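Chains A and B supply the protein sequences, listed in that same order.
Positions 1 to 198 (UniProt numbering) are the ones given, in order, by the first sequence.
Positions 1 to 198 (UniProt numbering) are the ones given, in order, by the second sequence.
Backbone N, C-alpha and C define an ideal beta-carbon position, used for all residues, glycine too.
Because the structure is a prediction, the values reported are computed rather than measured.
Quick notes on the structure that follows.
Protein chains: 2
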Amino acid sequence: MARQQLIQFFQSTGLMSAAQAADIAAGFAPRQLARHEDLLRAGRISDEYFFLDSGIVRAFALDAAGQEVTTGLYAGGQVALEVSSFFNRTPSPETLQALTDCQGWSITYAQLNGLFHARPEFREFGRSLLVRELMRLKTRLLGLAIDSAAVRYEALRQASPELLQRVPLKYLASYLGVTDSSLSRLRAAAAKGAAEAS
Amino acid sequence: MARQQLIQFFQSTGLMSAAQAADIAAGFAPRQLARHEDLLRAGRISDEYFFLDSGIVRAFALDAAGQEVTTGLYAGGQVALEVSSFFNRTPSPETLQALTDCQGWSITYAQLNGLFHARPEFREFGRSLLVRELMRLKTRLLGLAIDSAAVRYEALRQASPELLQRVPLKYLASYLGVTDSSLSRLRAAAAKGAAEAS
DNA sequence: TTGATTTCTTGCCATTTGGCAAGGGCCGGA
DNA sequence: TCCGGCCCTTGCCAAATGGCAAGAAATCAA
């Protein structure tokens, strides 16, 4: 129940003191999600800024054929949010869904704006988060453009090994931009390579 | 020389009045770029928020093999900016280069922050720009993940036909995530399809 | 203008990835 | 316990894309 991780998150950019972080964190309410529960449905307007303590949230959109495409995977310590819907008050193009039971902290748009108004240092933090998210997307984009599927898989394994264990292969596949059978083959090849290396 | 386009840009989100937009635009200085001139070099910290009136700016990074990869293309009416470097005051991972002679308006980080401080409506505008940029990246990411190269090419043709005419094929190719010979073939196939349709 | 450079196209073939379908294993509910 | 439904793997072949290199075409600079 403690807001430890949330407070630490606010301090992570070095833009505020421990006391400030604790004050801001006090404005957040505890929030649970059951496995398979939706945090946000496509078409709705997001009104919940959700920081994830533990568990995994998946974001997905539908392609032209109506197939789900995983666009984001969030684990503990991250904010699971459809940024454009939340900040622009527009219908979300994606659904956010709990892949496992989740615990975290949330705050509404009005409350967040109140904090932004009252606390310039938190405003700075918010901007820096947006910028960080932008960099992450850029990095993923570059990877999709220039790396082979095998390299992208390996990069994800390095960056977030826990996701590979806990997220069903079909979701990982569309997140990486490959089909599930291709990913299965990649995984087999990687395992073979690792075995030979030992 | 008129700041018309800049003023219109500020008003485009509906977050401020004409008078406010004109006031803010007055803080920007005219800025020219000669063809092939760098607006920002990789490794440097960006200190110029640059709005493009006319011309084309290309952003590129280097891949592991030292090859240039085009990560962004900006035409008139857009802001050509490496967001993370400018806002986080960190070395830029990319170079921004004028593909043609360019005219526009620019402002420094300190000046921009001054405006953000003095004018809450401009702060809102800045946030909404970041969010918009994020959505654009998400859309490109989704396209790379699920669409074929032919579809991506067609989408770019629909969205920004002027780029296809004025940007060398090799830059378009890496922007679209294909090799230049593949793009050349795609273009040939598209032309053939169009001819048959007529 | 003229020569040099860049840009674009195209052929040939290799590699990567997709599509489809069958089958095995695992897990949860009745 | 047993059944039904995911989840994952794998074989076969097709389609998409890349790599390389040669040459034509356009562009640039002197």
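Practice task
Check whether the Cβ atoms of Leu106/B and Ala29/B lie closer than 7 Å to each other.
Solution key: In the sequence as displayed, the identity of residue 106/B is Ser instead of Leu. Taking 7 Å as the Cβ cut-off, Ser106/B and Ala29/B qualify as a contacting pair.
Problem - 8 Å Cβ shell around residue 199/B - same chain, five flanking residues per side excluded - result: This structure cannot settle anything about residue 199/B, because the visible part of chain B is limited to 1 through 198.
Exercise for the section: Taking only beta carbons into account, state which residues of the UniProt domain "Cyclic nucleotide-binding" (16-133) of chain B come closer than 7 Å to chain A, listed in chain order. Expected result: If the cut-off is 7 Å between Cβ atoms, the UniProt domain "Cyclic nucleotide-binding" (16-133) of chain B has Ala61, Asp63, Val69, Thr71, Val83, Ser84, Phe87, Asn88, Arg127, Ser128, Leu130, Val131 and Glu133 near chain A.
Handout entry: 8 Å Cβ shell around Leu163/B - same chain, five flanking residues per side excluded
Key = Counting only Cβ-Cβ distances below 8 Å, and skipping sequence neighbours, we find Ile56, Leu73, Ala75, Leu156 and Leu172.
Exercise for the section: Taking only beta carbons into account, state which residues of the region 145-159 of chain A come closer than 7 Å to chain B, listed in chain order. Expected result: Ala145 and Ile146
Problem - Reference Leu99/A, options Val69/A, Arg35/A and Ser54/A, closest by Cα - result: Ranking Val69/A, Arg35/A and Ser54/A by CA distance to the CA of Leu99/A puts Arg35/A first.
Exercise for the section: Compare the C-alpha of Gly143/A against each of Leu176/B, Pro91/B and Asp38/B and name the closest. Expected result: Leu176/B
Handout entry: Presumed contact (8 Å Cβ cut-off) between Glu82/B and Leu62/B, rounded CB distance
Key = With 8 Å as the limit, Glu82/B and Leu62/B do not qualify as a contact, their Cβ atoms being about 14 Å apart.
Exercise for the section: Starting from the C-beta of Leu186/A, find all residues in its chain whose C-beta is less than 8 Å away, skip the five residues before and the five after it, and write them out in chain order. Expected result: Excluding sequence neighbours, Leu186/A sits near Ala149, Ala150, Tyr153 and Val178.
Handout entry: CB contact check: Leu141/B to chain A, cutoff 7 Å
Key = yes
Exercise for the section: Can you say whether Ser181/B is buried or exposed, counting buried as having 16 or more other CB atoms within 10 angstroms of its CB? Expected result: exposed
Practice task
Measure from the alpha carbon of Gly69/A to the alpha carbon of each residue in Glu94/A, Arg89/A and Phe87/A, then state which is nearest.
Solution key: First, the amino acid is wrong: residue 69/A is Val here, not Gly. That would be Glu94/A, whose Cα lies nearest to the Cα of Val69/A.
Practice task
Decide yes or no for the touch test of the region 9-21 of chain A against the region 113-121 of chain A: beta carbon pairs closer than 8 Å, at least 3 of them.
Solution key: yes
Practice task
Going by DSSP, name the residue or residues bridged to Phe51/B.
Solution key: Val79/B and Trp105/B
Practice task
Using a Cβ-Cβ cut-off of 7 Å, state whether Gly14/A counts as contacting chain B.
Solution key: no
Exercise for the section: Look at the Cβ atom of Ala22/B, then the Cβ atom of Phe50/B, and state whether they are nearer than 7 Å. Expected result: no
Practice task
With 7 Å as the threshold, decide whether the Cβ of Leu137/B is near any Cβ in chain A.
Solution key: yes
Exercise for the section: Drop a sphere of 10 angstroms on the beta-carbon of Asp38/A, count the other beta-carbons inside from all chains shown, and report buried for 16 or more, exposed for fewer. Expected result: exposed
Practice task
Assign Pro168/A to one of three DSSP states: helix, strand, or coil.
Solution key: Residue state for Pro168/A is assigned as coil, using DSSP reduced to three classes.
Handout entry: One or two residues paired with Ala98/B in a DSSP bridge
Key = Val57/B
Handout entry: Straight-line Cα distance separating Phe9/B from Ala191/A
Key = 53 Å
Problem - Given Gly43/B as reference, the closest of Ala26/B, Pro91/B, Ile24/B and Leu6/B once Cα atoms are compared - result: When C-alpha distances from Gly43/B are compared across Ala26/B, Pro91/B, Ile24/B and Leu6/B, the shortest belongs to Pro91/B.
Handout entry: CB contact below 7 Å: Gly177/A versus chain B
Key = Yes, Gly177/A lies at the interface with chain B (some Cβ there is under 7 Å from its Cβ).
Practice task
Report the option in Ala110/A, Gly77/A, Gly104/A and Met135/A whose CA atom is closest to the CA atom of Asp47/A.
Solution key: Ala110/A
Exercise for the section: Give the single residue among Asp101/A, Asn113/A and Gly66/A whose Cα lies nearest to the Cα of Ser89/A. Expected result: Per the sequence shown, the amino acid found at residue 89/A is Arg instead of Ser. Relative to the Cα of Arg89/A, the nearest Cα in the group Asp101/A, Asn113/A and Gly66/A belongs to Asn113/A.
Practice task
Find the nearest neighbour of Gln103/A within the set Gln78/A, Gly126/A and Phe87/A, judged by alpha-carbon distance.
Solution key: Gln78/A
Problem - Boundaries of the alpha helix (DSSP H) in which Pro120/A is found, first to last residue - result: Pro120 to Ile146
Practice task
May I have the straight-line CA-CA distance separating Gly193/B from Leu141/A, to the nearest angstrom?
Solution key: 29 Å
Exercise for the section: Report buried or exposed for Ala64/A, applying the criterion of at least 16 other Cβ atoms within 10 angstroms of its Cβ. Expected result: exposed
Practice task
Pull up the distance between the alpha-carbon of residue 201/A and that of Ala188/B, whole angstroms please.
Solution key: Outside the shown range of chain A (1 to 198) lies residue 201/A, about which nothing can therefore be said.
Exercise for the section: Report the rounded CA-to-CA distance for Glu133/A versus Gln32/B, giving the unit in angstroms. Expected result: 31 Å
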